[in-house]
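In the UniProt record's numbering, the protein residues as written are 1 to 242.
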């Protein structure tokens with residue numbers, strides 16, 4: 001009977017193991033991260049430990065450094081001791097809205113650096129567009145990135161991308177990379193200067209526009225032939241060769 005009772009007895013649960021969590025990264029307040037975004041990570045950490053507001057207001061300063069810590073130390077004691085007031089003060093001082101103008105300036109001035117790959121340049125532009133225009137949706141972000149990409153490359157590459165009429169940032173990166181590797185097929189490769197490119201862009205050179213339109217037509221024809229080859233229905237070349 002005793003053995004049967006032991007078999008039916010509900011085992012006593014073991015003691016809850018010590019909760020192991022990762023500390024959130026320190027918040028520096030140097031425009032690299034929006035404070036409300038960082039606060040979300042801190043709140044997850046504090047919720048996991050079931051910290052009360054009184055505890056949170058004491059430990060949050062230990063996760064600050066740099067300009068953020070300097071700002072906190074300058075706050076009045078009544079703000080530093082009240083969790084809601086402290087969050088409001090930090091949010092106002094280090095929210096993304098305060099950095100929007102700075103990011104827009106950086107975006108307008110960003111140019112491709114010597115030796116920088118077009119892919120890395122495009123990725124950096126995408127990051128700046130997201131920070132400079134936080135309300136943009138994904139198509140708008142990609143469109144803005146494409147515009148700034150074209151503006152930020154050298155005149156020869158810019159004209160090459162415009163000749164090919166790249167509709168997306170991915171295609172612009174591909175065209176620019178291919179042009180840099182081959183250095184052929186562009187009007188600038190025929191000896192056109194940056195002044196010529198600027199004249200084309202401003203519309204002061206009708207002959208240039210005519211030549212660009214011709215190149216764009218040739219590019220569309222090349223793409224059409226490529227699609228036909230992929231479908232196995234390649235048309236004859238213009239010179240009659242198969």
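Positions of the beta carbon are idealized from the N, C-alpha and C atoms, including for glycine. Please read these numbers as outputs of a predicted model, since none were measured by experiment.
| task | Go through its chain and collect everything with a Cβ distance to residue 118's Cβ below 6 Å, but skip five positions before and after it. | result | The answer, listed in chain order, is 173, 176 and 177.
Is the beta carbon of residue 60 closer than 8 Å to that of residue 28?
Against a cut-off of 8 Å, the Cβ pair of residue 60 and residue 28 comes out as no contact.
(message) Under DSSP, the alpha helix (DSSP H) around residue 254 begins and ends at which residues?
(response) Outside the displayed span of the chain (1 to 242) sits residue 254, for which this structure offers no information.
Roughly how many angstroms separate the alpha carbons of residue 182 and residue 163, rounded to a whole number?
Cα to Cα, the separation comes out at about 16 Å.
**Prompt:** Does DSSP put residue 103 in a helix, in a strand, or in coil?
**Reply:** In this structure, residue 103 counts as helix in the three-state DSSP scheme.
If residue 122 sits next to residue 149, beta carbons under 8 Å apart, how far is it from one beta carbon to the other, in whole angstroms?
Correct: roughly 6 Å between the Cβ atoms.
query: For residue 35, does the three-state DSSP call read helix, strand or coil?
result: Residue state for residue 35 is assigned as helix, using DSSP reduced to three classes.
### Task
Starting from residue 64, follow its DSSP beta bridges and name the residues at the other end.
Bridge partners of residue 64: 27.
- Message: Is the separation between the beta-carbon of residue 263 and that of residue 107 shorter than 8 Å?
- Response: Outside the modelled stretch of the chain, which goes from 1 to 242, sits residue 263, for which no answer is possible.
C-alpha distance - residue 115 paired with residue 145, whole-angstrom precision: So the alpha carbons of these two residues sit roughly 20 Å apart.
Q: Compute every distance between the C-beta of residue 153 and the non-hydrogen atoms of the ligand ATP, then say whether any falls below 7 Å.
A: The model depicted lacks the ligand ATP and carries no ligand whatsoever.
task = Indicate whether residue 57 and residue 81 have their beta-carbon atoms separated by less than 8 Å.
result = In this structure, residue 81 lies closer than 8 Å to residue 57 by Cβ.
Note to self: Could you compute how far the alpha carbon of residue 38 sits from the alpha carbon of residue 55?
What the structure shows: Computed Cα separation, rounded: 18 Å.
Taking 8 Å as the cut-off, decide whether the C-beta atoms of residue 153 and residue 104 are in contact.
-> No. Outside cutoff.
Which of helix, strand or coil DSSP assigns to residue 50 = Coil at residue 50, not helix or strand.
When you compare only the Cα positions, how much space is there between residue 143 and residue 168?
Computed Cα separation, rounded: 7 Å.
*asked:* Does residue 101 pass the burial test, meaning 16 or more other C-beta atoms within 10 Å, or should it be called exposed?
replied: When all chains shown are included, residue 101 counts as exposed.
Checklist entry - Roughly how many whole angstroms lie between the Cα atoms of residue 157 and residue 166? => result About 12 Å.
#### Entry: Proximity winner among 130, 74, 141 and 46, relative to residue 96 (alpha-carbon distances)
The shortest C-alpha separation from residue 96 is found at 130.
| task | Can you grab the Cα-Cα spacing for the pair residue 62 / residue 139, in whole Å? | result | Approximately 40 Å, taken between the alpha carbons.
Just to confirm, is the Cβ distance from residue 45 to residue 67 under 8 Å? Not in contact: residue 45 and residue 67 (Cβ atoms no closer than 8 Å).
Quiz item: What is the DSSP secondary structure of residue 73, reduced to helix, strand or coil?
Solution: Reduced to three states, the DSSP call for residue 73 is helix.
Measure the C-alpha to C-alpha separation of residue 136 and residue 125 and round it to an integer number of angstroms. Within the model, the alpha-carbon separation for residue 136 versus residue 125 is close to 14 Å.
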